[in-house]
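Going by full-length UniProt numbering, the first residue of the sequence shown is number 1, and it counts up by one from there. Virtual Cβ for every residue (Gly too), placed ideally from N, Cα, C. Following: one structure in structure tokens, then a few remarks.
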Amino acid sequence: MKVTGIQGESEVIPSKHLLQSLEEAETVLPCLYQPSTDKVVQVTWYKVSPAKTKEQIIVANNADGHLAFGTWSGRVRFKSSEPTVDSTLVIISTEVSDEGDYICHISTFPSGNFEREISLTVWTTPITSLDPVVLKEGEPFKQVASCRSVARPPPQLSWDTELNGQSINRTSDNGAVSTHYSLHPLRSMNGKRLDCLVWHPVFQSPRRLKNLLVVHFPPHAEVSGFNEEWHVDMENAALRCIHGGNPEPTLTWTRILVYRGVHCGLDDWH
């Protein structure tokens, strides 16, 4: 007699089979009993409640076919068209509430009943948000970005940056995790990378939420291009206004009348 997952009386009963699945994915609960002489009369799947009561999910036998019960109807099916041969159960679209213990109960003749117990853990894909803050040069040490994520199991968060700041991680009662990054804003930090990395078993590599730090600072304008060789009727003479500032400032050129005998240079217009 070949047994896969369900053990006969002469064999050691294994520990509970552990299985992991993902929310909204198809979950396959394996159960296969292949006796050499016994005949499988009926297959029944149960879900075990925290109070250890058994909720009937689906039943199949050679006489009446198969039937799913209650809210399980339309959500589960047998993998095989012959469930008394291959009793593997399929949850078509897995929900978080499906997490728990399941029992595959095989009734045979003449040997009797055999069971396999499976413990299902349902993971969820992280839902993550990154909330940056627009900063101003001169502000005190403050929080400049926060990253929050919710998943099963809880994800881990970290920052990828060259900035010299401090991060604080928190965990909420609902299982959400968050990380908060703080620093003293300087104009040299504007445009620097401050990415949030999300680490979770459903990801082969950490998921990256890209973010560039935004620091506002006032402009400092300087005029260049003039030299002492400028003269009347000179062609292609040009002045250039060099400025910094974030956000980009609006420039206005103004011509000022200078009386004869008054001398000025570019240093007078900084």
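Requested in this report: Express the C-alpha separation of residue 46 and residue 169 in angstroms, rounding to a whole number.
Outcome: Residue mapping note: residue 169 aligns to position 169 of the sequence shown, counting from 1. Residue mapping note: residue 46 aligns to position 46 of the sequence shown, counting from 1. Near 41 Å, if we compare the C-alpha coordinates of residue 46 and residue 169.
Query raised in the report: For the 8 Å Cβ check, are there 3 or more pairs between the segment 104 to 119 and the segment 158 to 169?
Result: no
Query raised in the report: Residues bridged to residue 231 by DSSP?
Result: Within the sequence shown, numbered from 1, the residue matching residue 231 stands at position 231. Residue 231 pairs with nothing; no bridge assigned.
Query raised in the report: Does DSSP put residue 198 in a helix, in a strand, or in coil?
Result: Position 198 of the sequence shown, counting from 1, holds the residue named residue 198. The answer is strand: DSSP assigns residue 198 an E or B state.
**Report entry** Three or more C-beta pairs below 8 Å linking the segment 21 to 36 and the segment 132 to 143
**Finding:** no
Query - Simplified DSSP assignment, three categories, for residue 70 - result: The residue given as residue 70 occupies position 70 in the sequence shown. Here residue 70 sits in helix by DSSP.
Requested in this report: Alpha carbon to alpha carbon, how far is residue 85 from residue 68? Give it in angstroms, no decimals.
Outcome: Looking up residue 68 in the sequence shown gives position 68. Looking up residue 85 in the sequence shown gives position 85. If you take the alpha carbons of residue 68 and residue 85, they lie about 18 Å apart.
Query raised in the report: If you draw a straight line from the C-alpha of residue 1 to the C-alpha of residue 178, how long is it?
Result: Here the question's residue 1 lines up with position 1 in the sequence shown. Here the question's residue 178 lines up with position 178 in the sequence shown. Bear in mind that a pLDDT of 31 at residue 1, under 50, signals an unreliable position, so the model cannot answer this.
Query raised in the report: Is the beta carbon of residue 186 less than 9 Å from the beta carbon of residue 137?
Result: The residue you call residue 186 lines up with position 186 of the sequence shown. The residue you call residue 137 lines up with position 137 of the sequence shown. A contact, by the Cβ cut-off of 9 Å.
Query raised in the report: When you compare only the Cα positions, how much space is there between residue 9 and residue 44?
Result: Taking the sequence shown and counting its residues from 1, the one referred to as residue 9 is at position 9. Taking the sequence shown and counting its residues from 1, the one referred to as residue 44 is at position 44. Confidence at residue 9 is low in this model, with a pLDDT of 38, below 50, so its placement is unreliable and the value that follows should be read with caution. For residue 9 and residue 44, the distance between alpha carbons rounds to 20 Å.
Query raised in the report: When the distance is taken between beta carbons, is residue 155 closer than 9 Å to residue 198?
Result: Taking the first residue of the sequence shown as 1, we reach residue 198 at position 198. Taking the first residue of the sequence shown as 1, we reach residue 155 at position 155. For residue 198 and residue 155, yes; Cβs fall inside 9 Å.
Query raised in the report: Can you tell which of 59, 188, 223 and 162 has the C-alpha that lies nearest to the C-alpha of residue 195?
Result: Position 195 of the sequence shown, counted from the first residue, corresponds to residue 195. Comparing Cα positions, the closest option is 162.
Query raised in the report: How close, in whole Å, do the beta carbons of residue 28 and residue 94 come, if the pair is a contact with beta carbons under 8 Å?
Result: One-based indexing of the sequence shown puts residue 28 at position 28. One-based indexing of the sequence shown puts residue 94 at position 94. Actually they do not touch by this definition, with Cβ atoms about 10 Å apart.
Report task. Can you grab the Cα-Cα spacing for the pair residue 253 / residue 190, in whole Å? Result -> Numbered from 1 along the sequence shown, position 253 holds the residue referred to as residue 253. Numbered from 1 along the sequence shown, position 190 holds the residue referred to as residue 190. Distance between the alpha carbons of residue 253 and residue 190 is about 27 Å.
Query raised in the report: Is the distance from the Cβ of residue 122 to the Cβ of residue 21 below 9 Å?
Result: The residue you call residue 122 lines up with position 122 of the sequence shown. The residue you call residue 21 lines up with position 21 of the sequence shown. It is a contact, given that the beta carbons lie within the stated cut-off.
Query raised in the report: Helix or strand or just coil, what does DSSP make of residue 187?
Result: Translated into the one-based positions of the sequence shown, residue 187 becomes position 187. Correct three-state label for residue 187: helix.
Requested in this report: Whole angstroms is fine: what's the gap from residue 203's alpha carbon to residue 157's?
Outcome: In the sequence shown, the residue the question calls residue 203 occupies position 203. In the sequence shown, the residue the question calls residue 157 occupies position 157. One C-alpha to the other measures close to 13 Å.
Query raised in the report: Regarding residue 83 and the ligand MN, is the C-beta to nearest heavy atom distance less than 8 Å?
Result: The model depicted lacks the ligand MN and carries no ligand whatsoever.
**Report entry** Pair within 9 Å by beta-carbon distance, residue 40 and residue 106
**Finding:** Locating residue 40 in the sequence shown gives position 40, counting from the first residue. Locating residue 106 in the sequence shown gives position 106, counting from the first residue. Against a cut-off of 9 Å, the Cβ pair of residue 106 and residue 40 comes out as a contact.
Query raised in the report: Tell me, which residues are paired with residue 204 by DSSP?
Result: Along the sequence shown, one-based indexing puts residue 204 at 204. DSSP, once it has assigned bridges, lists no residue as partnering residue 204.
Query - For residue 97, the three-state DSSP class (helix, strand or coil) - result: Translated into the one-based positions of the sequence shown, residue 97 becomes position 97. Correct three-state label for residue 97: helix.
Report task. Report the option in 139, 147 and 81 whose CA atom is closest to the CA atom of residue 312. Result -> There is simply no residue 312 to check, as the chain begins at 1 and stops at 270 in what is shown.
**Report entry** Residues near residue 101 by beta carbon distance below 8 Å, same chain, minus five either side
**Finding:** Counted from its first residue, the sequence shown places residue 101 at position 101. Only 16, 47, 48, 117, 118, 119 and 120 meet the Cβ criterion.
Query raised in the report: According to DSSP, which residues form a beta bridge with residue 103?
Result: On the sequence shown, position 103 is the one that residue 103 refers to. Paired residues: 46 and 117.
Query - Cα-Cα separation, residue 188 to residue 200 - result: Position 188 of the sequence shown holds residue 188. Position 200 of the sequence shown holds residue 200. If you take the alpha carbons of residue 188 and residue 200, they lie about 33 Å apart.
Query raised in the report: What is the residue span of the beta strand (DSSP E) that residue 222 lies within?
Result: Start at 1 with the first residue of the sequence shown, and residue 222 comes out as number 222. Unbroken beta strand (DSSP E) run through residue 222: 222 to 224.
Requested in this report: Out of 60, 51 and 230, point me to the one whose CA is closest to residue 82's CA.
Outcome: Position 82 of the sequence shown, counted from the first residue, corresponds to residue 82. Cα-wise, what sits closest to residue 82 is 60.
Report task. Kindly indicate which three-state DSSP category residue 55 falls into: helix, strand or coil? Result -> On the sequence shown, position 55 is the one that residue 55 refers to. In this structure, residue 55 counts as strand in the three-state DSSP scheme.
Report task. Look at residue 181 and residue 223 and say whether their C-beta atoms are less than 9 Å apart. Result -> Taking the first residue of the sequence shown as position 1, residue 181 is located at position 181. Taking the first residue of the sequence shown as position 1, residue 223 is located at position 223. Not in contact: residue 181 and residue 223 (Cβ atoms no closer than 9 Å).
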